[in-house]
Amino acid sequence: MHLRLISCFFIILNFMEYIGSQNASRGRRQRRTHPNVSQGCQGGCATCSDYNGCLSCKPRLFFVLERIGMKQIGVCLSSCPSGYYGTRYPDINKCTKCKADCDTCFNKNFCTKCKSGFYLHLGKCLDNCPEGLEASNHTMECVNIVHCEVSEWNPWSPCTKKGKTCGFKRGTETRVREIIQHPSAKGNLCPPTNETRKCTVQRKKCQKGERGKKGSQIQACNKRSWGSNIKKLVISFLFFE
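Residue numbers (mature numbering (1 follows the signal peptide of the UniProt record, and there is no 0)): -21 to -1, 1 to 220.
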């Protein structure tokens, strides 16, 4: 009789352990199938699971899947990360990845910054810019071609020769203009910005230190010629008298 009671006790104990293990296993399956808010949820999650992270977010937050190794984890953020755009729906706000050639975007059809090797044009990322535009490696955008622009010519400089403005008959004069807009890579090049031409030196008396060598010879020659003419006049006057 005593042995029979002991056997019944062990049978009941084993049955209770089996029931307990079944309840625990059922509880784990329920947590995976019907996740609820738990101590393991990150801030911002409305519902989550230990394996998949956030499954839904609190109001106004965006749901995004982050890849960690071979699996994706749900995360709730106040704004979408770079390379994603946000869309708000009645039941969820989610972040969607931009196109492969797009670094940042406003929506799936409008890119705001392209990845390296592509140029932005009207919300699209192109590897070559359309005709009439050129690629800017500074902004990574397709921009208008810029042609050179120059100012009007400045007045001609004084006629000079060897840095002097007197004592010579022929010299040169120069005029210049300035570049207002430098051209872009495909723009028209700038025309010459200076011109030089031959000119006649204005006839005037040289100041001291200005006279050129040739001018001095001319002055001396003129003096000799003037003296000779006076002598001829005097002789002619005496002869006819």
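Heads up, the beta-carbon is just placed ideally off N, CA and C, and yes, glycines get one too.
Beta-bridge partners of residue 173 (DSSP): 155. Judged by DSSP in its simplified three-state form, residue 123 adopts strand. Counting every other CB atom within 10 Å of its CB across the protein chains shown gives residue 58 a total below 16, marking it as exposed.
Inclusion of residue 145 and residue 177 in the CB contact set at 9 Å is not warranted, their separation being larger than that value.
Residue 164 is classed as exposed because its beta carbon has fewer than 16 other beta carbons within 10 Å across all chains shown. Our two residues, residue 154 and residue 133, have alpha carbons roughly 6 Å apart in a direct line. When secondary structure is reduced to three states using DSSP, residue 117 falls in the coil class, being assigned neither helix nor strand.
A distance below 7 Å between beta-carbons, with the five flanking residues on each side excluded, links residue 119 to the following residues of its chain, in chain order: 93, 98, 99. The residue among 80, 43, 168, 116 with its C-alpha nearest the C-alpha of residue 126 is 168. Distances from the CA of residue 60 to each of 142, 123, 84, 138 were compared; the closest alpha carbon is that of 84. Counting along the chain, residue 65 sits inside the beta strand (DSSP E) bounded by residues 63 to 67. DSSP places residue 82 within a strand segment (E or B) once states are collapsed to three. Residue 30 holds the alpha-carbon nearest to the alpha-carbon of residue 50 among 43, 36, 103, 30.
In the displayed model, residue 129 falls within a strand according to three-state DSSP. Within a 10 Å sphere around the beta-carbon of residue 89 sit fewer than 16 other beta-carbons, which makes this residue exposed. Residue 25 carries a strand assignment under DSSP once its states are collapsed to helix, strand and coil. The three-state secondary structure of residue 73, taken from DSSP, is strand. Pairing residue 117 with residue 72, the inter-Cα distance amounts to about 35 Å. In this structure, residue 172 keeps its C-beta atom at 9 Å or more from the C-beta atom of residue 152.
For residue 160, the three-state secondary structure derived from DSSP is strand.
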